[in-house]
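**Q** One structure, as structure tokens, below. Some questions next.
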Amino acid sequence: MGEKHPTDYYVQFENVDYYLDLGNHISYYRKKAKLTQEQLAKMVGISRSYLSHIEAPNAFQKCSLDTVFKICHALKIEPVQLFLPLP
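Using the UniProt record's numbering, the letters of the sequence shown correspond one by one to residues 1 to 87.
See the structure below:
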């Protein structure tokens, strides 16, 4: 077994900013829809804790496109809105 090269760790975290932005956008649109994390999580079929980790501004949680699409459907927004600048 070889040692891990420092760039191996970088690959795992190179998209952190995108995940942080995604979580920030989900939080924004959830609040705009006047939903709690508990309510949205139930609509999507995930735990409130998992949604909390997705939305966390100081951490990131990877999530599947399927989860993103379910969140968008519940929030009645198009997926592209999660990647555009916030209003």
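We put the beta carbon where it would ideally sit given N, CA and C, even for glycine. Computed from a predicted structure; not experimentally measured.
#1: Going by DSSP, what residue range makes up the alpha helix (DSSP H) through Ala41?
#2: Can you tell me whether Pro87 is helix, strand or coil according to DSSP?
#3: I need the DSSP call for Phe60, collapsed to helix, strand or coil.
#4: Kindly indicate the opening and closing residues of the alpha helix (DSSP H) around Ala74.
#5: Nearest CA to the CA of Asp17: which residue from Lys31, Ala56 and Ala33?
#6: Which word fits Gly45, buried or exposed, when buried means at least 16 other C-beta atoms lie within 10 angstroms of its C-beta?
**A** A quick look at the data gives this:
#1: Residues Gln37 to Val44.
#2: Coil.
#3: Phe60 carries a coil assignment under DSSP once its states are collapsed to helix, strand and coil.
#4: Its alpha helix (DSSP H) spans residues Leu65 to Leu75.
#5: Ala56
#6: exposed
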